[in-house]
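Under my numbering, think of the first position of the sequence shown as 1, with each following residue one higher.
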Amino acid sequence: MHAPTPPAANTPGATRSAVLRYLRDAAVFAPCYIALDWASYIDPVGPFNITPWNPQPGLAIVWMQLAGLGHAPAVMLAIVLADLIVRDAPAGLPMMALTATALTAGYALIAQALRRFLAPDNTVHSTRQLTLFVATVVAGTAGVGAVFVGMLVGASLVPPAAFLEYALRFWVGDAVGILVTIPLLLAAADAARRASLATLARKPETMLQLGVLLAALWLVFGLLPGDPTRWFYLLFLPMIWIAVRGGLNGALLAVFAVQVGIVLSVHQPDAAPLAALELQALLAALTLSGFFLGIMVEERARAAAGLRESLRLAAAGEMAGAIAHEVNQPLTALANYGEAARMLLLRDAQRPGGDPGALLPLLDKMRAETSRAAEIVRRLRDFFREGTMRLQPLEAADVVASARRIAQQLIGTRPVTLETSTAPACRRCSPTACRSN
Numbered sequence: 001m002h003a004p005t006p007p008a009a010n011t012p013g014a015t016r017s018a019v020l021r022y023l024r025d026a027a028v029f030a031p032c033y034i035a036l037d038w039a040s041y042i043d044p045v046g047p048f049n050i051t052p053w054n055p056q057p058g059l060a061i062v063w064m065q066l067a068g069l070g071h072a073p074a075v076m077l078a079i080v081l082a083d084l085i086v087r088d089a090p091a092g093l094p095m096m097a098l099t100a101t102a103l104t105a106g107y108a109l110i111a112q113a114l115r116r117f118l119a120p121d122n123t124v125h126s127t128r129q130l131t132l133f134v135a136t137v138v139a140g141t142a143g144v145g146a147v148f149v150g151m152l153v154g155a156s157l158v159p160p161a162a163f164l165e166y167a168l169r170f171w172v173g174d175a176v177g178i179l180v181t182i183p184l185l186l187a188a189a190d191a192a193r194r195a196s197l198a199t200l201a202r203k204p205e206t207m208l209q210l211g212v213l214l215a216a217l218w219l220v221f222g223l224l225p226g227d228p229t230r231w232f233y234l235l236f237l238p239m240i241w242i243a244v245r246g247g248l249n250g251a252l253l254a255v256f257a258v259q260v261g262i263v264l265s266v267h268q269p270d271a272a273p274l275a276a277l278e279l280q281a282l283l284a285a286l287t288l289s290g291f292f293l294g295i296m297v298e299e300r301a302r303a304a305a306g307l308r309e310s311l312r313l314a315a316a317g318e319m320a321g322a323i324a325h326e327v328n329q330p331l332t333a334l335a336n337y338g339e340a341a342r343m344l345l346l347r348d349a350q351r352p353g354g355d356p357g358a359l360l361p362l363l364d365k366m367r368a369e370t371s372r373a374a375e376i377v378r379r380l381r382d383f384f385r386e387g388t389m390r391l392q393p394l395e396a397a398d399v400v401a402s403a404r405r406i407a408q409q410l411i412g413t414r415p416v417t418l419e420t421s422t423a424p425a426c427r428r429c430s431p432t433a434c435r436s437n
């Protein structure tokens, strides 16, 4: 079964296919962006309804990071639609279009920076990458927030005295939402990470851990009296347990469960008023603690695996050295005995009636085989000492003769005829070519 041949580049068919794919992706992205904006629409402040938690920019950044900056127009359109549907178009279409352009440009810069720092597969594998991710998001959202609120001040929609307050609120909302959302989305987009997450989620221990975490969420947001931020520390213990046992994958599952739990509790009809800014700051601390602990657990596991491999190779090297030492002595003695027998036969051949012709070829073969075995042992010992092999061209005739000798031993006395030949043009070959052929 053959796959259909794709249209050639720059043809009408290829262009139409690319446009349809772009529109399809945009049609999926925009509703998801608006849904996230609605789910996080909590405690709005100011004429533009600035909220303390904004996960939807994380979705926009991941889309541009994975699919390319060419999707920026669709991101800008989704921002405008979200302002119209969720935030009731607080400042009119011209101002919304202007701020949406600024936000899209800022998110595109963050996406481009993350694409560089998380290369080549756009996933976090080390504490260095996680630190760069956090620094990029914190610095990028600070700049985006300053530009956004500055535009509102310039349009006389926000008093200049409130610039710092609004910029801080916007910065915290975007930074927290992006820091929490992007790792989850990148994990969902990576097939290997997705498979490992599914495997981890099916383990009984993970189910128990998530059950404890959900019970802690129920206590914090449902049973215990007063502001949930007072009891938020109860969530750190199950988060640490999950991250230590499951690594970054466990932390991702735990953060997802916490996010869903908070969104559901906030949107309950009888939900008590929350100190949203403080809650999201605590959520950011919980999330980053889980992520850093999980990635350090994975790094430690990789280092331990590398150490075990090194110890295994070291043990193999010591064993090979011992084998080489023990085997080399009898091989040397055997070679000496063969040489002595050859010398004696040659001496006897000089006497009247002596004929060593039948025995000399056998002794020559014995000496050749012992030399060959000694060379193999020497190379094995050098390889385990130095970890490298010295490859050099070989005579093709020698390789064929060696193969013929081994084949002849396998044939034995069976009625099989073995014929070999070497082309005149093939006099020398590399070890790689000899192995592959």
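Quick reminder that beta carbons are idealized off the backbone N, C-alpha and C, glycines included.
Could you tell me whether any non-hydrogen atom of the ligand SAH is closer than 8 Å to the CB of residue i?
{"i": "R87", "result": "The model on display carries no ligand, and the ligand SAH is accordingly not part of it."}
By alpha-carbon positions, which one of the options ends up nearest to residue i?
{"i": "T123", "options": "R202, A97, V244, N249", "result": "N249"}
{"i": "P57", "options": "F221, T417, A78", "result": "A78"}
{"i": "A167", "options": "T181, A155, G150", "result": "G150"}
{"i": "A113", "options": "V134, A97, M96, A102", "result": "V134"}
{"i": "P120", "options": "L213, L223, Q65", "result": "Q65"}
{"i": "D25", "options": "T11, G68, A304", "result": "G68"}
{"i": "V62", "options": "L84, C32, S40", "result": "C32"}
{"i": "F292", "options": "A320, L252, F29", "result": "L252"}
{"i": "M95", "options": "V144, A155, E299", "result": "A155"}
{"i": "I240", "options": "R230, A374, P225, S289", "result": "S289"}
Give every residue of the same chain whose Cβ lies closer than 7 Å to the Cβ of residue i, excluding the five residues on either side of it in the sequence, and list them in chain order.
{"i": "V153", "result": "P160, F163"}
{"i": "G338", "result": "L363, M366, R367, T370"}
{"i": "L103", "result": "I79, V144, F148"}
Counting C-beta neighbours from all protein chains within 10 Å, is the total for residue i 16 or more, i.e. buried, or is it exposed?
{"i": "R381", "result": "buried"}
{"i": "I178", "result": "buried"}
{"i": "V86", "result": "buried"}
{"i": "H325", "result": "exposed"}
{"i": "T370", "result": "buried"}
{"i": "A233", "result": "Residue 233 is actually Tyr in this sequence, not Ala. Exposed, by the Cβ-count rule."}
{"i": "G247", "result": "buried"}
{"i": "I411", "result": "exposed"}
{"i": "F40", "result": "Here the sequence assigns Ser to residue 40, which means Phe is not the residue at that position. S40 should be labelled buried."}
{"i": "M207", "result": "exposed"}
{"i": "V416", "result": "exposed"}
{"i": "T141", "result": "buried"}
{"i": "T136", "result": "buried"}
{"i": "V176", "result": "buried"}
{"i": "A403", "result": "exposed"}
{"i": "I406", "result": "exposed"}
{"i": "A187", "result": "buried"}
{"i": "R435", "result": "Low per-residue confidence applies at R435: pLDDT is 47, beneath 50, and the placement is therefore not dependable, though the value from the model is reported in the following sentence. Classification of R435: exposed, given that the 10 Å Cβ count is below 16."}
{"i": "L331", "result": "buried"}
Rounded C-beta distance between residue i and residue j? I'm assuming under 8 Å.
{"i": "L130", "j": "I262", "result": "Actually they do not touch by this definition, with Cβ atoms about 22 Å apart."}
{"i": "L286", "j": "V258", "result": "7 Å"}
{"i": "Q408", "j": "L394", "result": "Their Cβ separation, rounded to whole angstroms, is 20 Å, which puts Q408 and L394 out of contact at 8 Å."}
{"i": "Q209", "j": "P238", "result": "6 Å"}
{"i": "A60", "j": "V75", "result": "5 Å"}
{"i": "I439", "j": "L213", "result": "The displayed coordinates of the chain run from 1 to 437. Any statement about residue 439 would go beyond what the structure contains."}
{"i": "I34", "j": "A82", "result": "5 Å"}
Leaving out the 5 sequence neighbours to the left and right, which residues in its chain are closer than 8 Å to residue i when beta-carbon positions are compared?
{"i": "T422", "result": "A396, A397, V400"}
{"i": "S196", "result": "N249"}
{"i": "A3", "result": "Here the model assigns A3 a pLDDT of 42, short of 50, so the residue's position is not dependable, and the following value carries that caveat. There are no such residues."}
{"i": "M1", "result": "With a pLDDT of only 39 at M1, under the threshold of 50, the placement of this residue in the model should not be trusted, and no figure is reported."}
{"i": "V180", "result": "P55, G58, V255, Q259, L283, A284, T287"}
In chain order, what residues of the same chain have a beta carbon less than 6 Å from the beta carbon of residue i, not counting five sequence neighbours either side?
{"i": "A100", "result": "M76, I79, V80"}
{"i": "E318", "result": "none"}
{"i": "V146", "result": "Val is not the amino acid found at residue 146; the sequence shown has Ala there. Cβ within range, chain order: A167."}
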